[in-house]
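Protein sequence lines correspond, in order, to chains A and B.
Residue numbers for the first sequence follow the UniProt record's numbering, so the first one is 1 and each next one is one higher.
Residue numbers for the second sequence follow the UniProt record's numbering, so the first one is 1 and each next one is one higher.
From the three backbone atoms N, C-alpha and C, an ideal C-beta is built for every residue, glycine too.
Reading through the structure tokens given below for one structure.
2 protein chains.
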Amino acid sequence: MSREFRRAMPLLPISMVMQLTELTARQIRYYEEHKLIEPARSEGNRRMFSLDDVDALLEIRELLDQGINMAGIKKVFDMRKNNNYVKSSNKMAISDSELRSILREEMQQAQIMQKASIRQGDLSRFFQAKGE
Amino acid sequence: MSREFRRAMPLLPISMVMQLTELTARQIRYYEEHKLIEPARSEGNRRMFSLDDVDALLEIRELLDQGINMAGIKKVFDMRKNNNYVKSSNKMAISDSELRSILREEMQQAQIMQKASIRQGDLSRFFQAKGE
DNA sequence: AATACCATGTAAGGAAAAATAACATATTAA
DNA sequence: TTAATATGTTATTTTTCCTTACATGGTATT
């Protein structure tokens with residue numbers, strides 16, 4: 001519950017999401033336009049993204065790479081949403097698919113970290129003067 | 001290792017940190033000026049904070065509440081830093097103090113979440129149109 | 001081949017957020 | 001009282017982000 005919440009919390013500005021996902025602002029906004037993500041807005045109307053949003057964007061990128069178009073991706077996302085609904089309605093200990101979902105999540109997280117650390121020229125500059 | 005890294009990653013703009021910690025920008029910058037935190041900088045010179053930074057700020061707030069001044073807090077932080085060094089140098093399974101440190105971290109995390117969820121008028125507005 | 005659509009690039013103009021710097025001030029310490 | 005701390009406030013400048021509009025290379029359709 002707390003963990004879910006944490007991942008759903010809108011914290012990141014678009015600039016960070018761009019770096020984490022290697023997507024352009026244009027792309028991110030376009031995917032929002034097509035309802036693949038729905039980032040929150042700050043008072044001043046700035047998009048604020050959650051880690052869940054970042055996950056979704058990474059997946060979008062991947063699916064696009066695989067030649068799937070917006071409509072297809074939307075379908076995939078909708079299916080997953082429904083699946084989640086079913087899952088939570090008849091709550092058992094921990095289903096197979098749930099486990100897989102968790103694993104997938106973990107892997108994406110790992111992926112993010114990898115991106116941020118290895119692929120330099122992006123986040124690297126943020127680790128400059130972190131002194132000492 | 002990955003978890004540490006994650007918490008050290010500079011992701012948040014100062015506005016989010018203000019909301020998470022209930023500190024003013026002035027305060028946050030002042031603490032930085034006094035080397036209690038050292039947030040990274042974006043290309044455009046904007047401060048980018050990590051979750052570790054947020055933790056530190058929450059602790060600073062608490063210590064100030066307790067009547068401790070900058071110098072005192074700096075001391076506390078330095079002591080912890082040294083302690084961490086000792087800990088990692090003679091690495092055993094998981095020391096007592098490490099466990100406590102982890103627990104403290106967890107509690108602070110919980111504290112953040114509580115802040116963000118319950119104390120509305122702050123983050124609440126970010127959860128508006130997160131539709132459906 | 002011509003046309004249309006899709007995903008993205010790019011540019012303009014404006015608004016919001018954040019930076020620095022300087023001065024003000026209430027409380028605490030000497 | 002005077003000095004030092006921690007924070008508020010204001011002004012000015014940069015940086016980031018927003019929306020809108022138009023351009024474009026690739027695919028698919030006719």
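Asked: Return the residues of the segment 15-35 of chain B that lie within a Cβ-Cβ distance of less than 9 Å from chain A, sorted by chain order.; Found: Ser15, Met16, Leu20 and Lys35
Asked: Flag Arg7(A) as yes if its beta-carbon sits less than 9 Å from any beta-carbon of chain B, otherwise no.; Found: no
Asked: Can you tell me whether Ala56(A) is buried or exposed, with buried defined as 16 or more other CB within 10 angstroms of its CB?; Found: buried
Asked: Given that Leu12(A) touches chain B, what residues does it touch there, using C-beta distances under 9 Å?; Found: Leu11, Leu12, Pro13 and Met16
Asked: What is the residue span of the alpha helix (DSSP H) that Ser2(B) lies within?; Found: Ser2 to Ala8
Asked: Would you say Met48(A) reaches chain B, if we count a Cβ-Cβ gap shorter than 9 Å as a contact?; Found: yes
Asked: With a threshold of 16 other CB atoms inside 10 Å of the CB of Asp53(B), please say whether the residue is buried or exposed.; Found: buried
Asked: Under the assumption that Leu12(A) contacts Leu11(B) (Cβ atoms under 8 Å), give the Cβ distance between them as a whole number of angstroms.; Found: 6 Å
Asked: Excluding sequence positions up to five away, which residues of its chain have a Cβ less than 8 Å from the Cβ of Glu48(B)?; Found: Sequence check: residue 48(B) is Met here, not Glu. Same-chain partners within the cutoff: Pro10, Leu11, Leu12, Pro13, Pro39, Ala40, Arg41 and Ser42.
Asked: What do you get for Glu4(B), buried or exposed, if any count of 16 or more other CB atoms within 10 angstroms of its CB means buried?; Found: exposed
Asked: DSSP beta-bridge partners for Ala40(A)?; Found: Met48(A)
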